[in-house]
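There are 2 protein chains.
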Amino acid sequence: MSKLTIAIDAMGGDVGPHIPILAALKSLQLHPNLHIIIVGNRTQLLPVLKKYQLSEHARLSLIHTDNEISMEVNPVYALRHRSDSSMHIALKLVSQGKVDACVSAGNTGALMLLAKQALKTLPGISRPALISSLPNMHLGHTYMLDLGANLQCDSHTLFNFAVMGSVLCEKVDQINSPRVSILNVGKEKNKGGDVLQHCAELLKQTKHINYAGFVEANELFTCRSNIIVTDGFSGNIALKSCEGMGRVFSEQLDKAINSSLYSKLLGKLLRPILKKQLKHLHPDMYNGASLIGLRGIVVKSHGSANEIAFTCAIEHAIQETQWQIPASISKKLETVLSERDDLSHE
Amino acid sequence: MSKLTIAIDAMGGDVGPHIPILAALKSLQLHPNLHIIIVGNRTQLLPVLKKYQLSEHARLSLIHTDNEISMEVNPVYALRHRSDSSMHIALKLVSQGKVDACVSAGNTGALMLLAKQALKTLPGISRPALISSLPNMHLGHTYMLDLGANLQCDSHTLFNFAVMGSVLCEKVDQINSPRVSILNVGKEKNKGGDVLQHCAELLKQTKHINYAGFVEANELFTCRSNIIVTDGFSGNIALKSCEGMGRVFSEQLDKAINSSLYSKLLGKLLRPILKKQLKHLHPDMYNGASLIGLRGIVVKSHGSANEIAFTCAIEHAIQETQWQIPASISKKLETVLSERDDLSHE
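Chains A and B, in that order, are what the protein sequence lines are.
The first sequence begins at 1 in the UniProt record's numbering and counts up one residue at a time.
The second sequence begins at 1 in the UniProt record's numbering and counts up one residue at a time.
The following block contains the structure:
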C-alpha cells in the first residue's frame, strides 16, 4: 500500500476543531498508510491534539496559520483577502502535490471559489460540481450532482455531470456502466424543458453512458439509478427537502415516544431496533460532498458534522485518491467528447 | 347559508370511481348546503351510487358521459379530441356558472390546459399555478406555489404567485398580512440567480405583501412563512422529495416494528401514540392542489387519493367558493399592479 496524505482544514465548520481532529485520529487508525496534515491555528489545535495524544503522532503533522475563513464571509471577499487562511493553505498543498487531497467543513462558496483558483478545472469543465450520495433502498446509495455549485446549467454541463458521476461510481463502487438518470417533474419522455430534453438526447447518443431516463424526486431513495443528474438549484432543493422532512419525522417520533411514561418505556425497548433499521437513512453516513471536475481532490464536510460524519468525508477523499478520480474523469471526458465530435462530423 | 354546488369529475384518478363517490357522501354529510354533481360514466357510477344509497340523494345528481381522459394521454391531445370527457364537462359547468367549483383527480397536465381554455385566466395572469399546503410545525400549514404548472418562471410571474398565495391565506386562514418567502438555496440576501433577486426586490417594494425573505428547503416544515413562492420545477422537486423521504421513513419504521415478534408487540402498543403524533404529517391531510389564477375554482386531487384525501380536496373547493378566491385575487392584483405603475411613473 502506497503512502497517502490528506490535508484537513481544521478551522472550518460550526463545531470547533475537536471534530476534525477526532476524525483524523479515527482515520489514522483505519488506514496504516495514511498521513494527515492538520492546517489551522496552533493555539487552538495543540491542546486538542495533546488531549488525544496526537501531538507526537508519527503520521500527523500541523501547519500553523492565524488566519481562517468564517462561515459568514462573502466567498469573493475570502478569495481576495484571506490568502493565508487554513482553507487556502490546505488547497495549496493539493495544488503543489504535497498532499493527495484535502477536506474542509468550511464555507462552501469560499471553498468552491478557492478550489477552482488553486486547482483549476479539468479540460472541458468550466466549473466544479458538488456530488454526494443519498441512501437508496435497493442500491445502497445513489450519487446526485450538482448540489448547489452551479445554480443554472445548460444541457452540456448536465451531460458533463453524467460523465463525472459515472466515473466516480464506476471506480469507487466498482460498478460497470452505472445507470444515469436526469431529475425531472415526470418520468415520461416529453416532460421538462428544453435543457433536460436536449441533455437526454445527448446522453442517449453516447455509448459511454448508460442513460436510464428521467426520475422524479419521490424516487430518490428507491430508484434503480446509480447517478442522478440535476442543476445545482434543484439538487440543493431536493437534498434539503429530504433533510428537512427527515428531521421533522425524527423529531415527531421522539415527541411521540416522550409523550408519556408508558410510551417512554415502550420507546426505550424499541429504540435499539428503530435505530438499527433507520441507521442507513442517517445523514452522518452520507456526509462528504466532493468538488468534482477539478484537477485535484477536495471534499466538503457538512459544517455541523460530528466525528463519524467527518470521518466519512475523509474516507471519500481517500477513496477518490486511491481511484485517481480526476485523471479518470479527464480520460473519460476526452473519449466522450471526441465521440461527440465524430458524430457531428459524420 | 347559501346553496353551494360542486362538480366532481369521477373518472379521473388511479383508483376507480368509488373514492370520489365516498368523498362526495362524506362532504354532503358535513355540509347541509352542499349540492354535488358527479360527472362520468353512468354504467360504472350507478352501481357504486346505489351501493352507498346515493342514487336517490336529493343533493346529488349525475351527468353521464362515455368519454374520459386517461392518466397517460398527452394533454394537448386531450384538449383537441376529448371535448365531451368528464373533465371537460365538469369544467364547463364551472364556466357556465352552473356549479361553483370542480374537483378532479385526473391527468394534471390535461386539467391545466382544459381549465385554462374553459375558464380563462384572471387579468394580469398568463397561466394558472398549482398551490397546495404543507404541514408546518409552528403554523399548522404553509402554502407553496407553483407545484409544477409553470416549470420556468420570470420574476413577475413569481411576484404574482406571492399575490395569489397571500389572498388565499388571508381569506381561508383569516390571517392578516401573511408572511411570504421565496424558496432559495440560502437565506442570505445575495443568494440565488437574477430572477429570485428581482422578485425579492419587487416584493420588498410593494406595501401590499408582507415579504419575509428567502427560505431554504430544509425549513419547509419549520419556517415562519405562510406562503412559499417558487417556480414549478423546484416546487415539484421539493414536494416530491418530501413525499419520497416521508414514505421511506414510514416504511423503515414499519420494517423495524415487524422485524421480530418482540418488536411487533412493542410496536402494537406504541403504534396508536405514533399514529396520533405523526398524523399531521400524513399526506392525506394535505391533499388538494388548487389551480389558482383562473376565473373559476378548480381543485386537483392526487390521483391515488383515498376517501379522506379526496374529501379534503372537496373541502378546499368549498372554502375557495365561500371566500370567492378568484374575485379576491383579481381585486388584489389590480391594487398591487396599479401601485407598481404609480411607482414606475414617480
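C-beta: ideal position from N, C-alpha, C; glycine also.
Being a predicted model, the structure only gives us computed values, none of them experimental.
Residues of the region 211-226 of chain B with a C-beta less than 8 Å from any C-beta of chain A: E216, A217, N218, E219, L220, F221 and T222, listed in chain order. Nearest to A/A289 by C-alpha distance, out of A/L253, A/E219 and A/G109, is A/G109. Near chain B, meaning a CB-to-CB distance below 9 Å, no residue of the region 289-318 of chain A qualifies.
Annotated three-state conformation of A/A313 is helix, per DSSP. Looking at the backbone, the Cα of B/S263 and that of A/G106 are separated by about 42 Å. Across the region 62-96 of chain B, CB contacts with chain A closer than 9 Å involve E72 and N74, in sequence order along the chain. Contact check for B/I292 against B/T321 fails: the beta carbons are separated by 7 Å or more.
Nearest in C-alpha terms to B/Q197, of all of B/T230, B/C223, B/G165 and B/L281, is B/T230. Shown in chain order are the members of the region 256-277 of chain A whose Cβ falls below 9 Å from a Cβ of chain B: A256, I257, S259, S260, Y262, S263, L266, G267, L269, L270, I273, L274, K275, K276 and Q277. Cα atoms of B/I19 and B/H316: separation of roughly 17 Å, rounded to the nearest angstrom. A residue is called buried when at least 16 other Cβ atoms come within 10 angstroms of its Cβ; B/E68 meets this threshold and is buried. For the 7 Å CB-CB criterion, B/T311 and B/K3 do not form a contact. Between B/N136 and B/T142, the beta carbon gap of about 4 Å places them in contact (Cβ cut-off 8 Å). Taking A/P178 as the centre and dropping the five residues before and after it, the same chain places the C-beta of S166, C169, E170, N210, N226 and I227 closer than 7 Å to its C-beta, in chain order.
Distance from A/V76 to A/L113 at the Cβ level is roughly 7 Å; contact confirmed, criterion being Cβ atoms closer than 8 Å.
The residue from A/Q319, A/I63, A/C199 and A/I314 with its alpha-carbon nearest to that of A/Q44 is A/I63. Distances from the CA of B/I125 to each of B/D341, B/E334 and B/E72 were compared; the closest alpha carbon is that of B/E334. Proximity of B/C242 to chain A, defined by a Cβ-Cβ separation below 7 Å, is satisfied.
Within 8 Å of the CB of B/A115, no CB atom of chain A is found; the nearest one sits about 18 Å away. The beta carbons of A/E216 and A/V185 sit about 7 Å from each other, so the pair counts as a contact at 8 Å. The C-beta of B/S70 has fewer than 16 other C-beta atoms within 10 Å across all chains shown, which makes the residue exposed.
Taking the CA atoms as reference points, A/R127 sits about 29 Å from A/A24.
Residue state for A/Y52 is assigned as coil, using DSSP reduced to three classes. Against chain A, the beta carbon of B/G148 has neighbours under 9 Å at V185 and G186, listed in chain order.
Listed along chain A, no residue sits closer than 9 Å to B/Q44 by beta-carbon distance, the nearest being about 26 Å off. Look at the region 223-292 of chain B and you find these whole runs of beta strand (DSSP E), each 3 residues long or longer: 227-229 and 289-292. Judged by DSSP secondary structure, A/N160 falls within the alpha helix (DSSP H) whose first and last residues are S155 to V172.
Going by beta carbons, A/F221 and B/F249 fall outside the 7 Å limit. Along the region 19-50 of chain A, there is no position whose C-beta sits under 7 Å from a C-beta of chain B. Residues of the same chain with a CB within less than 8 Å of the CB of A/G213, apart from the 5 flanking positions on each side, are S181, I182, K187, K189 and A200 in chain order. Counting along the chain, no beta strand (DSSP E) covers A/P20; the unbroken alpha helix (DSSP H) around it starts and ends at H18 to L30.
Annotation: B/F233 to B/L111 spans about 18 Å, alpha carbon to alpha carbon.
Residue environment analysis places B/S338 among the exposed positions, since fewer than 16 neighbouring C-beta atoms fall within 10 angstroms of its C-beta. In the assembly as shown, A/D342 is an exposed residue. Its beta-carbon has fewer than 16 other beta-carbons within 10 Å. Residues of the same chain with a CB within less than 8 Å of the CB of B/H31, apart from the 5 flanking positions on each side, are L4 and I318 in chain order.
At least one CB of chain B lies nearer than 7 Å to the CB of A/M245.
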